[in-house]
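Visitor: For what it's worth, this note's numbering labels the leading residue of the sequence shown as 1, then goes sequentially.
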Amino acid sequence: MAMSPESATIAHMIRHNAEVEYMFADWFFGRSVPEGITFMASGKTDSHDPEAFRLEALIAFSAAADAHLTETMSELPSDLWDVEITSKIGPSTPREALGRTIYHTGIHAGQIALIRKHAPQAAAAVKQSIIQ
């Protein structure tokens, strides 16, 4: 699951989804991104740490982002869920933002499924062309 800065891999998409959870907790639920979190898979960045894209690191980062967003949502008073907030991606309520987060994750889950489906076929084709 190594990642190159030029391409989106499964590892990149997993990291990106977790980073978006941190962003949405900040933008729509008012909870700052924890100190030490570096965005490496969301937007233009100069940060690249191959270790952050290893399986164990991805699992830990993703779990921490999920816990951060879940806890943040649980603390939002019910009367604020439908109050529109202006964010870096435009106006949205926290309720709409949650829907956007779920939708966003679904898009990347579909991409991951396609990569997993077609990667073995592509690898086999490359191997076959090398043999010939």
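Here a beta-carbon is modelled for each residue, glycine too, at the ideal position from N, C-alpha and C.
Here's the rule I'm using: 16 or more other beta-carbon atoms within 10 Å means buried, otherwise exposed. How should ARG116 be labelled?
Guide: The sequence position of residue 116 within the sequence shown is 116, counting from 1. Its Cβ having fewer than 16 others within 10 Å, ARG116 is exposed.
Visitor: Whole angstroms are fine: how far does the CA of ALA63 sit from the CA of ASP49?
Guide: As a first step, residue 49 is located in the sequence shown; it is residue number 49 there, counting from the start. As a first step, residue 63 is located in the sequence shown; it is residue number 63 there, counting from the start. So the alpha carbons of these two residues sit roughly 19 angstroms apart.
Visitor: Take LEU58 and list the residues in its own chain whose beta-carbon comes closer than 7 angstroms to its own, dropping the five residues that flank it on each side.
Guide: Within the sequence shown, residue 58 is the residue found at index 58, counting from 1. The residues are ALA11, ILE14 and ARG15.
Visitor: Do TRP81 and PRO94 have their C-beta atoms within less than 8 angstroms of each other?
Guide: Here the question's residue 81 lines up with position 81 in the sequence shown. Here the question's residue 94 lines up with position 94 in the sequence shown. A contact, by the Cβ cut-off of 8 angstroms.
Visitor: Using a Cβ-based criterion (distance less than 7 angstroms to any ligand heavy atom), does VAL33 qualify as near the ligand NAP?
Guide: Although the ligand NAP was asked about, the structure shown includes no ligands whatsoever.
Visitor: State yes or no: is the C-beta of ALA65 within less than 8 angstroms of the C-beta of GLU21?
Guide: By 1-based counting over the sequence shown, the position of residue 65 is 65. By 1-based counting over the sequence shown, the position of residue 21 is 21. Yes; because the gap between Cβ atoms is below 8 angstroms, this pair is in contact.
Visitor: Have a look at GLY30 and ILE89 and give me their C-alpha separation to the nearest angstrom.
Guide: Numbered from 1 along the sequence shown, position 30 holds the residue referred to as residue 30. Numbered from 1 along the sequence shown, position 89 holds the residue referred to as residue 89. Rounded to whole angstroms, GLY30 to ILE89 spans 15 angstroms at the Cα level.
Visitor: Give the secondary structure of SER92 by DSSP, where H, G and I count as helix, E and B as strand, and everything else as coil.
Guide: The residue given as residue 92 occupies position 92 in the sequence shown. Strand at SER92.
Visitor: Measure the C-alpha to C-alpha separation of PHE61 and ALA18 and round it to an integer number of angstroms.
Guide: Taking the first residue of the sequence shown as position 1, residue 61 is located at position 61. Taking the first residue of the sequence shown as position 1, residue 18 is located at position 18. Going from the Cα of PHE61 to the Cα of ALA18 covers about 7 angstroms.
Visitor: Using DSSP with H/G/I as helix, E/B as strand and the rest coil, what is SER87?
Guide: For the purposes of this step, residue 87 is identified with residue 87 of the sequence shown, where counting begins at 1. SER87 falls in the strand class under three-state DSSP.
Visitor: Which residues in the same chain have their Cβ closer than 7 angstroms to the Cβ of MET40, if we skip the five residues on either side of it in sequence?
Guide: The residue labelled residue 40 in the question sits at position 40 within the sequence shown. Counting only Cβ-Cβ distances below 7 angstroms, and skipping sequence neighbours, we find ARG15, SER47, HIS48, ASP49 and ALA52.
Visitor: Report, in whole angstroms, the separation of the C-beta atoms of LEU69 and PHE24, which I expect to be a contact under 8 angstroms.
Guide: On the sequence shown, position 69 is the one that residue 69 refers to. On the sequence shown, position 24 is the one that residue 24 refers to. Confirmed, Cβ separation roughly 7 angstroms.
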